[in-house]
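One gets this note's numbering by counting positions in the sequence shown from 1 and adding 10 to each.
For each residue, glycine too, the CB sits at the ideal point set by N, CA and C.
These notes concern the structure reproduced below.
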Amino acid sequence: MIHDRAFSQYIFLETSNENARGGIIINISSGDGELACLNSELQRLLKEVQSESDLESLLRELWEGTCLRGQELAFGPTPAYSVSKAALNVLTRIQAREIEMSQLKLRAVAVCPGDVDTRMCSAGEGDRVLTPAQAAGDVIWAIERPSECPSGGFYREREPIPW
Ligand SMILES: NC(=O)c1ccc[n+]([C@@H]2O[C@H](COP(=O)([O-])OP(=O)(O)OC[C@H]3O[C@@H](n4cnc5c(N)ncnc54)[C@H](OP(=O)(O)O)[C@@H]3O)[C@@H](O)[C@H]2O)c1
């Protein structure tokens with residue numbers, strides 16, 4: 011397993027035999043990154059992104075303020091977090107497309123763990139909060155169920171959710 015902590019990206023590779031189910035890239039995203047949480051112009055720009063270098067350029071322009079300057083980029087209490095997770099979702103779709111073209115035995119998916127009882131949990135009183143073990147169970151489901159969790163999808167609690 012390869013784990014990139016900064017981007018919450020996990021890569022599990024299964025190389026032992028030719029009948030193996032293959033590897034999986036799991037990007038730990040968030041429902042806060044759904045396109046519906048973003049400025050409509052930013053939604054349009056993200057939908058147009060075709061490659062990692064396009065994505066990098068767009069993020070640089072947003073950071074430097076040469077694009078959508080002075081506009082609210084996302085709605086809700088943590089707009090920067092929403093933009094970063096929306097970008098991770100775009101990256102997931104790019105990875106899924108590249109994998110499909112390469113015909114590698116690999117999947118790329120984004121998983122929102124839901125509200126999980128960790129340091130960063132922002133759930134309010136009365137909200138349903140998962141334990142880290144429950145959230146990890148949903149990630150293991152994604153690894154073990156290629157037919158229910160195909161490449162290029164975004165999942166929460168073992169169900170597809172919209173980008
Ligand atoms: N908890 C939730 O309700 C929830 C909901 C949706 C999505 N998520 C996603 O789930 C993932 C895990 O979050 P969590 O709930 O487990 O939060 P957490 O308990 O706060 O853990 C965050 C982890 O990220 C590491 N980290 C933070 N900034 C970093 C940086 N700049 N470079 C490298 N590592 C960094 C922290 O390292 P240190 O331990 O060294 O500080 C820590 O291990 C995140 O991607 C989060 O966005 C969580």
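Environment of residue i [buried if 16+ CB atoms lie within 10 Å]
i: Lys57; result: exposed
i: Thr4; result: With the chain covering 11 to 173 only, the question about residue 4 has no answer from this structure.
i: Ile35; result: buried
i: Thr76; result: exposed
i: Ile109; result: buried
i: Trp173; result: buried
i: Arg155; result: exposed
i: Leu52; result: buried
i: Leu72; result: buried
i: Asn140; result: According to the sequence as given, residue 140 is Leu; it is not Asn. With 16 or more Cβ atoms within 10 Å of its Cβ, Leu140 is classed as buried.
Span separating the alpha-carbon of residue i from that of residue j
i: Pro142; j: Gln105; result: 27 Å
i: Pro160; j: Glu135; result: 34 Å
i: Phe164; j: Gly32; result: 19 Å
i: Gly162; j: Arg79; result: 31 Å
i: Leu116; j: Ala145; result: 22 Å
i: Arg107; j: Ala133; result: 33 Å
i: Leu98; j: Ser18; result: 9 Å
i: Ser61; j: Phe22; result: 23 Å
i: Glu158; j: Tyr20; result: 19 Å
i: Ile150; j: Ser50; result: 34 Å
i: Val59; j: Arg103; result: 10 Å
i: Pro170; j: Met111; result: 23 Å
i: Ala46; j: Ser63; result: 24 Å
Pair within 7 Å by beta-carbon distance, residue i and residue j
i: Ala96; j: Leu48; result: yes
i: Arg166; j: Cys122; result: yes
i: Leu55; j: Leu69; result: no
i: Ala152; j: Val119; result: yes
i: Asp148; j: Asp137; result: no
Sufficient close CB pairs (3 or more, under 8 Å) joining the stretch 80–99 to the stretch 36–47: yes
Does the stretch 71–89 come into contact with the stretch 42–56, if we say contact requires no fewer than three beta-carbon pairs (one atom in each stretch) closer than 8 Å? yes
Residue ranges of each alpha helix (DSSP H) within the stretch 17–88, 4 or longer: 50–58, 62–74
Please confirm if the stretch 118–133 is in contact with the stretch 68–83, defined as three or more CB-CB distances below 8 Å between the two stretches. no
Entirely within the stretch 86–124 and at least 4 residues each: give me those alpha helix (DSSP H) ranges in chain order. 89–112
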